[in-house]
Every structure is written in C-alpha cells, then in structure tokens.
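This report refers to the structure that appears directly beneath it.
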Amino acid sequence: MPELPEVESVRRRISPAMVRARIKAVDLRRPDLRRPFPRHFVKRLTGETIVALTRRAKYLLASLSSGETLLMHLGMSGWFRVVRDRATAGVGARPATIDPHDHVVFHMSSGKAVVFNDPRRFGVMDLVPAGALQEHPSLSRLGPEPLSDDFDAAALAQACRGKKTSLKAALLDQRVVAGLGNIYASEALHVAGLSPGRPASILATPAGAPREAAYRLAAAIKHVLENAISRRSEDNYRASPFLVYDRLDEPCLKKRCSGSIRRRTQGGRSTFYCPVCQQ
DNA sequence: CTGTGTTCCTGTTCGC
DNA sequence: TGCGAACAGGAACACA
C-alpha cells in the first residue's frame with residue numbers, strides 16, 4: 001500500500017506516540033530487511049529523543065536528538081502499528097507481539113510501542129549521521145515533492161523533455177517526481193486524460209517548455225495525492241477508492257465516457273486505464 | 001547517459 | 001480441497 005499518501009498517513013498516525021518521546025528500548029528481531037540494519041542500530045537509537053518525524057517521497061525521517069536521522073522505507077508490504085506498551089522494555093521483557101513479521105519494536109517513553117511489520121521485507125531502515133542527509137544515496141537523486149510548489153507543469157515538462165520512455169514509466173521514475181507509485185501513476189494519468197503508453201516527451205516542447213498536457217498532468221498528480229491523503233486521514237475507507245486501478249473491465253467513471261477499464265503491462269507492472277477518454 | 005529487465009521475499013488469489 | 005502459477009502498492013542493480 002505504501003505510496004506517498006499511505007506513508008503520509010502512517011506518519012500522522014504514529015507521530016503522537018513518537019515525536020518528543022524518548023526511545024526507551026528497541027527490539028530488533030532480525031539482522032536485515034532488504035538490506036542489513038546499520039551498525040550499532042539499537043545502541044545508536046536507545047535513549048534518543050525523536051525531535052521530529054517528517055516525510056520525503058516515500059521515506060519517513062525521524063530526527064534524533066543526537067543529530068542522526070532514522071530513515072525508514074516501507075517497501076511493498078511494510079506497515080507500522082501503535083500498541084500500548086504493557087511489557088516493560090528491557091532484558092527478558094515479554095515481547096508485546098507475536099507476529100513473525102514484526103521485525104522492529106520501538107518502545108517509547110510515551111508508553112506506546114511502535115511496531116514495524118513487513119512480510120516481504122522489502123523495507124529499509126538506515127541511520128544517517130548529522131549533516132549527511134542530503135547526500136544519502138536514497139535521497140540525493142529524488143525529484144521534487146509533488147505537493148510542494150517546487151513541482152508544477154514547468155518542472156514536470158523539464159524532467160520529461162526528450163524522454164523516450166512512456167508517461168507511466170516517467171511517473172514511476174522517482175527522479176521525475178518523488179512519491180508516486182503504481183496505483184497513483186495510473187490514477188493521475190486517468191484524471192489528466194492521458195494514455196499511459198504515450199512518450200513522456202509529449203509534455204514538453206523541444207525547448208523544454210510545458211505543453212498543455214503537462215499542466216493537466218501536474219494538476220492531476222496533486223489532486224489525486226491530496227484526495228488520497230484526506231480520505232485516509234478521515235479513515236473513510238470504501239470498497240475501492242480508485243478510479244481505474246484494479247477496476248479491470250468495469251465501466252469508466254468519467255462522466256459521459258462509454259469506455260471500460262483495461263489493463264496492460266509496462267515495465268513489468270500493471271497499468272490500468274480507459275482507452276476511450278485517455279488519449 | 002538512457003531505457004529495459006531482473007532480483008530481493010512472502011502472502012494471496014486464481015484456474016484447473 | 002489441493003496445488004501450482006501468477007501476481008502484489010518498490011527500488012537497486014546489471015546490462016545492451
């Protein structure tokens with residue numbers, strides 16, 4: 001689930017338990033996720049206060065009082081939950097959880113335990129020394145944050161200028177815009193009325209100036225992400241909140257459109273779209 | 001440098 | 001019901 005809106009939602013949900021709280025103890029249940037945990041992971045976290053919890057693209061960033069930053073990525077199946085921390089943290093403490101995919105437990109001075117669960121283990125955790133955050137390999141090449149003023153039609157067009165790859169692949173490229181994933185890339189292209197297979201270069205003139213489609217797509221990206229965040233924050237779940245994703249063969253929801261949703265594979269991943277109203 | 005394909009891992013769903 | 005295949009929301013890496 002974790003694309004930008006889900007990560008933002010997680011950030012807001014776990015912030016009350018973590019921010020301005022001290023990490024009393026850390027249970028580390030295995031040596032690695034997708035990559036090994038950094039050296040002295042538990043030692044460097046224990047006793048630290050989390051000063052702030054922010055998000056960049058799909059990364060969560062916990063700023064520690066030591067100046068280090070705990071960088072976390074949810075991968076494909078990563079999730080956090082907050083539980084009351086009945087168990088006293090420390091040696092011999094009974095784990096607060098029994099799920100075999102609970103890999104990390106943060107015992108906070110707020111009285112809550114924040115549990116990281118990730119069946120597929122595509123998640124990542126790293127500790128970044130003070131001052132080294134911008135240069136971190138996971139962050140340094142990221143494009144603009146889609147909901148910031150840095151991202152607009154001009155930025156999108158510039159990034160896609162001359163690109164031979166498809167629009168869908170371009171939206172998944174975190175250097176073009178940071179935080180979209182497979183679901184919201186499909187959704188944004190649908191809202192913008194653009195066919196996912198068209199070359200990304202159509203967004204810009206040869207000189208790099210935005211064409212009309214770039215304005216539509218930049219606005220659609222912001223719209224789709226803002227909608228998803230507000231819906232999640234309201235905890236307002238519905239059967240399928242999406243316009244095209246996972247709606248194969250269902251009628252297109254756009255007004256006065258007679259199309260039905262198709263699926264195709266691009267770059268080994270499913271793209272959902274309406275062949276009638278997306279040109 | 002650019003674009004494409006593979007790979008990491010486990011759980012769920014689908015067709016026979 | 002059982003079983004294998006296909007597929008799943010990410011991103012680093014190898015290669016042409």
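Numbers 1 to 279, taken from our numbering, label the letters of the first sequence in order.
All C-beta atoms in this analysis are idealised placements derived from N, C-alpha and C, irrespective of residue type, glycine included.
(message) Is it buried or exposed, Asn236, if we count other Cβ atoms within 10 angstroms and call 16 or more buried?
(response) Caution is warranted here: a pLDDT of 47 is assigned to Asn236, below 50, making its placement in the model unreliable, and no coordinate value can be reported.
(message) I need the DSSP call for Arg238, collapsed to helix, strand or coil.
(response) Because the pLDDT of Arg238 is 44, which lies under 50, any placement of that residue in the model is unreliable, and the question is left without a value.
(request) Starting from Met108, follow the alpha helix (DSSP H) in both directions and report where the run begins and ends. (result) Per DSSP, Met108 belongs to no alpha helix (DSSP H); it is in the beta strand (DSSP E), Asp102 to Met108.
(request) Let me know the secondary structure DSSP gives Phe37 once reduced to three states. (result) coil
(message) Going by C-alpha to C-alpha distance, which of Arg34, Ala214, Asp27 and Arg264 sits closest to Arg121?
(response) The shortest C-alpha to C-alpha distance from Arg121 to any of Arg34, Ala214, Asp27 and Arg264 is the one to Arg34.
(request) Locate the beta strand (DSSP E) running through Lys112, then write down its first and last residues. (result) Lys112 to Asn117
(request) Please go through the region 193-263 and give each complete alpha helix (DSSP H) segment of 4 or more residues, from N-terminal end onward. (result) 212-233
(message) Check this for me: beta carbons of Val244 and Ser258, under 8 Å apart or not?
(response) no
(message) On the DSSP bridge list, what partners appear for Thr54?
(response) Leu61
(message) Using DSSP's beta-bridge definition, name the partner residues of Ala25.
(response) Note: Ala25 is bridge-paired with His107 in the DSSP secondary-structure output.
(request) Measure the C-alpha to C-alpha separation of Arg264 and Thr271 and round it to an integer number of angstroms. (result) 5 Å
(message) Assuming Arg11 is part of the alpha helix (DSSP H), what are its boundary residues?
(response) Leu4 to Met18
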